[in-house]
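Enquirer: As you go down the protein sequences, you meet chains A and B in turn.
My numbering applies: residue -15 is where the first sequence begins, and numbers increase by one.
My numbering applies: residue 169 is where the second sequence begins, and numbers increase by one.
Once you've had a glance at the structure underneath, I'll fire off some questions.
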Amino acid sequence: MKKIKKSGKLVVGMSADYPPLEFTKNVNGKNKYVGVDVELAKQIAKDLGVKLEIKNMDFDSLLVALETGKIDMIISGMTPTAERKKSIDFSKIYYAEKSDYFVISKTNKAKYTSTASFKGKTVGAQTGSLQYTSLKKNAAKSGIKVKGLAKISNLLMALKSGKVDAVLLGELNAKTYATNDTSLSLVKSSLSQAQMGNAVGVAKGQGDLVKAINKTINDCQKQDLFNKKYIPAAAKAMKQASSKTNNSMSKYASYFATGLGYTMIITICSITIGLALGVIFALMRLSKNKLLHAIAVCYIEFLRGTPQMVQIMFVYFGVGMLIKNMPALAAGIIAIGLNSGAYVAEDIRSGINSVAKGQTEAARSLGLSQAKTYRYVVFPQALKNIWPALGNEFITLTKDSSLVSVIGVGELMYETGLVQTATYRGVMPLFITMCIYFVVTFILTRLLNYFERRMNLTSSRA
Amino acid sequence: MNKIIEVKHLKKNYGDKEVLKDINAVIEKGKVITVIGPSGSGKSTFLRCLNLLEKPTSGQVTFEGTELTDLTEEELDQLRQKMGMVFQSFNLFPNMSVIENVKLVPMKVKGMSDQEAGDLAHELLAKVGLDDFADHSPASLSGGQQQRVAIARALAMQPDMMLFDEPTSALDPEMVGEVLKTMQDLAQTGMTMVVVTHEMGFARKVADEVWFMADGYLLEQGSPDQVFDHPQSDRAKDFLAKILEA
Ligand SMILES: Nc1ncnc2c1ncn2[C@@H]1O[C@H](COP(=O)(O)OP(=O)(O)OP(=O)(O)O)[C@@H](O)[C@H]1O
Ligand SMILES: [Mg+2]
């Protein structure tokens, strides 16, 4: 509470793909967060007398983000389950839904009429959501196979392409999607556990903050703001968002442009870090000093032996606990740079090792010092082997930069997700993004080839 | 007697393996020594111990009055410039043209200007008969030509002595002659040379002294006639018998 007042900023985390509670809307090419929860967040910030900042991330990441202090509170249609209560505190319930619904394709309306008819079928749900847990819990009894995905938009895409037979959503969600997409139909679920409703999540031990939030909720409920103002406003925003004109991709060009911009920044910065680290660790690994050698070997093996996705989350959440306020962008760049350093080091080392031993001997016998031997003889020859490997590494890195979308960095992949939720179109944004990545890597490949050819020309003129 | 190198109780082990076992020898200035002996007897290792490319396990190598075994790396870099070395596999630098190979040390180590180094390099390439190939890449030359460039490159340091480790072993037979001729010319200029070779004709004709090595020992040292016609040790007799009947 003190911290919020001091910084004058309330950071609210949400997974903004859950209309009408929280979702994104394109206003003149700019991304805006809208929905019931956003309205509530605004009210809380107003009552606290601070500015509101919204951090959009995967639902799964919200709890960790709260625990590690990346956000001050969660307002994301979250239900205060006993399990969640173990790690965070909740405000009172601000909105309660009555039940869950299976979202199905209208053509299957006759086939699915009750919960029982989903026996042996695959039903999707948002991972970490209440519906997901409920499906899992009842899986044995109901005979339903569960498929979890992080985003509702992806779940609906899976539904349309037949990957899942239905998607289980909360009432609000289900109804709004069905209203906005006439090819969908709803079946009420009977397997849900008692609905507890949604509450605001805060980190443990912040009684004063919970009290302030509850006061705002009480005020809102007294005036029935949820039913009178917030939900209609959200529905209207959704309608606009899903209208045909709003669906055209050209309106979202700025999203892709912003995303591409960040992707380039991440790529260029991480390559720079990766190159610097790569040279250092390659030299350390080649060094006769046992300690330096061992450090380099550990570093390289460890980073090459663990998934990059995990490394990114670890840097953001783990290291972020030591360095407060580390922006996600910086964390992403550092994580990718560190990872790339390991691969670059190996490229350099194997390039250097590929230079015949006789070359070094001849150079040393000519009185060249070790440093000059490296500079004039070994390195120029090694570079010819290193360069193609480095080129591959750069291209891989460009593509892998998409991984930092998991910590909410607004690069290309992340912006694609926004466009997907905003337009209710799953495939088109993905296709555009693929094309953008391809154009970038294609240009990069041409450039690298050009330099490689030039290098070969200068070293082999006859 | 004006000695340029003196070797005392030189030993070299690789792990448990004793490759050189107590070598004692003196090389006089201006002399040409050829070293012969069976494969694996330690000839290359001995040569590489002379310019400290290999660090002796014990013993002393004194070059022009300086004891080499306790020098720092920097001091060794200086001293190696006085001892040119030519390898079996040429080891020209493929990332440079022929003339750049020759100019490298004059420019980067001796600090000569491009002009000076260029003049020196052309002069040396002319000496080995390859000035026309100055701008070629090493890979485009024949083995014999490459080896002659390697000799010119070593000479560009203006060394006081030259070490050759089987300079003709990797060559097609028709190219052996041109390299031996170059070496013979060099010997005539008064250069001190130590040549490890399997070319017995050359060993006998050009050498002032022939050394025979076997099993890590220097078993015979003497004039070519002495060693070839009147070998003392059984090892040398065996070796020469086999070589000459082949
Ligand atoms: N770096 C090394 N590590 C271990 N053993 C080595 C090393 N270099 C050489 N030896 C061994 O030392 C012995 C002598 O090798 P050396 O190359 O000096 O023989 P050589 O007389 O030059 O033989 P060749 O006529 O075949 O060139 C050989 O048995 C060889 O296997
Ligand atoms: Mg040898």
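By construction, the Cβ of each residue, glycine as well, lies at the ideal position given by its N, Cα and C atoms.
Can you give me the start and stop residues for the alpha helix (DSSP H) that leucine 287 of chain A sits inside?
Expert: The count along the first sequence starts at 1 and reaches residue 287 of chain A at position 303. Start and end: 274 to 288.
Enquirer: So, does the CB of valine 277 of chain B fall closer than 8 angstroms to a CB anywhere in chain A?
Expert: Taking the second sequence and counting its residues from 1, one reaches residue 277 of chain B at position 109. Yes - at least one Cβ of chain A is within 8 angstroms of the one on valine 277 of chain B.
Enquirer: How about glutamate 285 of chain A: is its C-beta nearer than 8 angstroms to some C-beta of chain B?
Expert: Here the question's residue 285 of chain A lines up with position 301 in the first sequence. So no, glutamate 285 of chain A is outside the interface.
Enquirer: Where do the N-terminal and C-terminal ends of the alpha helix (DSSP H) with methionine 381 of chain B fall, by residue?
Expert: Here residue 381 of chain B refers to the residue found at position 213 of the second sequence. Note, methionine 381 of chain B: premise wrong, no alpha helix (DSSP H); beta strand (DSSP E) at 377 to 382.
Enquirer: If we count the other Cβ atoms within 10 Å of its Cβ and call it buried at 16 or more, is aspartate 282 of chain B buried or exposed?
Expert: Counting from 1 along the second sequence, the entry for residue 282 of chain B is found at position 114. The residue is exposed, with fewer than 16 neighbouring Cβ atoms inside 10 Å.
Enquirer: With the cut-off set at 8 angstroms, would you say leucine 386 of chain B and alanine 193 of chain B are in Cβ contact?
Expert: Along the second sequence, one-based indexing puts residue 386 of chain B at 218. Along the second sequence, one-based indexing puts residue 193 of chain B at 25. Going by C-beta atoms, leucine 386 of chain B is nearer than 8 angstroms to alanine 193 of chain B.
Enquirer: Indicate, with yes or no, if ligand 2 has a heavy atom lying under 7 angstroms from the CB of serine 257 of chain B.
Expert: Indexing the second sequence from 1 puts residue 257 of chain B at position 89. Because no heavy atom of ligand 2 lies under 7 angstroms away, the Cβ of serine 257 of chain B does not count as near it: no.
Enquirer: Report all residues from its chain with a CB closer than 8 angstroms to the CB of valine 344 of chain B; omit the five preceding and five following residues, and keep chain order.
Expert: In the second sequence, the residue the question calls residue 344 of chain B occupies position 176. Excluding positions up to five away in sequence, the list reads Gly312, Thr336, Glu367.
Enquirer: Using DSSP with H/G/I as helix, E/B as strand and the rest coil, what is leucine 389 of chain B?
Expert: Sequence index remark: in the second sequence, residue 389 of chain B carries index 221 (1-based). The question names leucine, but residue 389 of chain B is glutamine in the sequence shown. Glutamine 389 of chain B: strand per DSSP, three-state reduction.
Enquirer: For a test of the three-state rule: what should DSSP assign to leucine 352 of chain A, helix, strand or coil?
Expert: Stepping through the first sequence from its first residue, residue 352 of chain A is reached at position 368. Leucine 352 of chain A: coil per DSSP, three-state reduction.
Enquirer: What residues in the region 343 to 361 of chain A have a beta carbon less than 8 angstroms from any beta carbon of chain B?
Expert: Cβ contacts with chain B: Gln343, Glu345, Ala346, Ala347, Arg348, Ser349, Leu350, Gly351, Leu352, Ser353, Gln354, Lys356, Tyr360, Val361.
Enquirer: If you draw a straight line from the C-alpha of methionine 233 of chain A to the C-alpha of aspartate 208 of chain A, how long is it?
Expert: Counting from one through the first sequence, the residue named residue 233 of chain A turns up at place 249. Counting from one through the first sequence, the residue named residue 208 of chain A turns up at place 224. Computed Cα separation, rounded: 37 angstroms.
Enquirer: Run the Cβ filter for me: residues under 5 angstroms from any heavy atom of ligand 1, listed in the order they occur in the chain.
Expert: With the cut-off at 5 angstroms, the residues found are B/Tyr182, B/Val187, B/Ser207, B/Gly208, B/Ser209, B/Gly210, B/Lys211, B/Ser212, B/Thr213.
Enquirer: Chain B beta carbons: is any one of them nearer than 8 angstroms to that of glutamine 365 of chain A?
Expert: In the first sequence, counting from the first residue as 1, residue 365 of chain A sits at position 381. At least one chain B Cβ lies under 8 angstroms of glutamine 365 of chain A.
Enquirer: Under 8 angstroms: do the region 350 to 360 of chain A and the region -6 to 13 of chain A share three or more Cβ pairs, one atom per stretch?
Expert: Too few Cβ pairs lie closer than 8 angstroms, so no.
Enquirer: Whole angstroms are fine: how far does the CA of glutamine 343 of chain A sit from the CA of glutamate 377 of chain B?
Expert: Here residue 377 of chain B is taken as the residue at index 209 of the second sequence, counted from 1. Here residue 343 of chain A is taken as the residue at index 359 of the first sequence, counted from 1. Their Cα atoms are separated by approximately 31 angstroms.
Enquirer: Under 8 angstroms between C-beta atoms, does asparagine 259 of chain B make it to chain A?
Expert: By one-based count along the second sequence, residue 259 of chain B stands at place 91. So yes, asparagine 259 of chain B belongs to the interface.
Enquirer: Applying a beta-carbon distance threshold of less than 7 angstroms, which residues of chain A neighbour arginine 316 of chain B?
Expert: Mapped onto the second sequence, residue 316 of chain B falls at position 148. Neighbours of arginine 316 of chain B on chain A: none; closest Cβ ~15 angstroms, over 7 angstroms.
Enquirer: Helix, strand or coil for leucine 221 of chain B? Go by DSSP, reduced to three states.
Expert: Position 53 of the second sequence, counting from 1, holds the residue named residue 221 of chain B. Correct three-state label for leucine 221 of chain B: coil.
Enquirer: Are the region 352 to 363 of chain B and the region 422 to 437 of chain A in contact at 8 angstroms, needing three or more beta carbon pairs?
Expert: Contact fails: fewer than three Cβ-Cβ distances are below 8 angstroms.
Enquirer: DSSP three-state call for alanine 446 of chain A: helix, strand or coil?
Expert: Here residue 446 of chain A corresponds to residue number 462 of the first sequence, with the count starting at 1. With a pLDDT of only 35 at alanine 446 of chain A, under 50, the local geometry of the prediction cannot be trusted, and the value read off the model is given with reservation. Reduced to three states, the DSSP call for alanine 446 of chain A is coil.
Enquirer: Just curious, the beta strand (DSSP E) that isoleucine 391 of chain A is in, first and last residue?
Expert: If you number the first sequence from 1, residue 391 of chain A lands on position 407. Counting along the chain, isoleucine 391 of chain A falls outside any beta strand (DSSP E), and DSSP gives it neither H nor E.
Enquirer: Give the straight-line distance between the Cα atoms of asparagine 273 of chain A and alanine 329 of chain A, rounded to the nearest whole angstrom.
Expert: What you label residue 273 of chain A is simply residue 289 of the first sequence in a count that begins at 1. What you label residue 329 of chain A is simply residue 345 of the first sequence in a count that begins at 1. Computed Cα separation, rounded: 17 angstroms.
Enquirer: Within its chain, find whatever has a CB closer than 6 angstroms to the CB of leucine 143 of chain A; leave out the 5 residues flanking it on each side and keep chain order.
Expert: Start at 1 with the first residue of the first sequence, and residue 143 of chain A comes out as number 159. So the list reads Val151, once near-sequence residues are dropped.
Enquirer: Would you say aspartate 383 of chain B touches ligand 2, meaning its beta carbon is less than 7 angstroms from a heavy atom?
Expert: Stepping through the second sequence from its first residue, residue 383 of chain B is reached at position 215. For ligand 2, not one heavy atom lies less than 7 angstroms from the Cβ of aspartate 383 of chain B.
Enquirer: So, is phenylalanine 435 of chain A buried or exposed, given that buried needs 16 or more other C-beta atoms within 10 angstroms?
Expert: Looking up residue 435 of chain A in the first sequence gives position 451. So phenylalanine 435 of chain A ends up on the exposed side.
Enquirer: Would you tell me roughly how many angstroms separate the C-alpha atoms of tyrosine 78 of chain A and isoleucine 197 of chain A, rounded to the nearest one?
Expert: Here residue 78 of chain A corresponds to residue number 94 of the first sequence, with the count starting at 1. Here residue 197 of chain A corresponds to residue number 213 of the first sequence, with the count starting at 1. Going by the C-alpha atoms only, they are around 10 angstroms apart.
Enquirer: Which residues, taken in chain order from the region 208 to 228 of chain B, show a beta carbon closer than 7 angstroms to some beta carbon of chain A?
Expert: From the region 208 to 228 of chain B, only Asn219, Leu221 have a Cβ closer than 7 angstroms to chain A.
Enquirer: Assuming contact is defined by CB atoms lying nearer than 8 angstroms, are glutamate 334 of chain B and threonine 365 of chain B in contact in what I supplied?
Expert: For this step, residue 334 of chain B is matched to residue 166 along the second sequence. For this step, residue 365 of chain B is matched to residue 197 along the second sequence. Contact flag set, yes.
Enquirer: State the start and end residues of the unbroken beta strand (DSSP E) segment that holds asparagine 12 of chain A.
Expert: The count along the first sequence starts at 1 and reaches residue 12 of chain A at position 28. Asparagine 12 of chain A -> no beta strand (DSSP E), and no H or E assigned at all.
Enquirer: Name the DSSP bridge partner or partners of lysine -7 of chain A?
Expert: As a working note, residue -7 of chain A is residue 9 in the first sequence. Paired residues: A/Lys35.
Enquirer: Could you name the residues of the region 323 to 335 of chain B whose beta carbon sits closer than 7 angstroms to any beta carbon of chain A, in the order they occur along the chain?
Expert: Hits within the stretch, in order: Met325.
Enquirer: Considering only their Cβ atoms, is the gap separating lysine 90 of chain A from glycine 108 of chain A smaller than 8 angstroms?
Expert: Here residue 108 of chain A refers to the residue found at position 124 of the first sequence. Here residue 90 of chain A refers to the residue found at position 106 of the first sequence. No.
Enquirer: Chain A partners of aspartate 245 of chain B, CB-CB under 9 angstroms?
Expert: For the purposes of this step, residue 245 of chain B is taken as the residue at position 77 of the second sequence. Result: Arg348, Gly351, Leu352, Ser353, Gln354, Lys356.
Enquirer: Could you tell me whether any non-hydrogen atom of ligand 3 is closer than 7 angstroms to the CB of glutamate 222 of chain B?
Expert: You won't find ligand 3 in this model; what it holds is ligand 1 and ligand 2.
Enquirer: Consider the Cβ of valine 175 of chain B: report whether some Cβ of chain A lies at a distance smaller than 8 angstroms.
Expert: Start at 1 with the first residue of the second sequence, and residue 175 of chain B comes out as number 7. Output row for valine 175 of chain B: interface = no.
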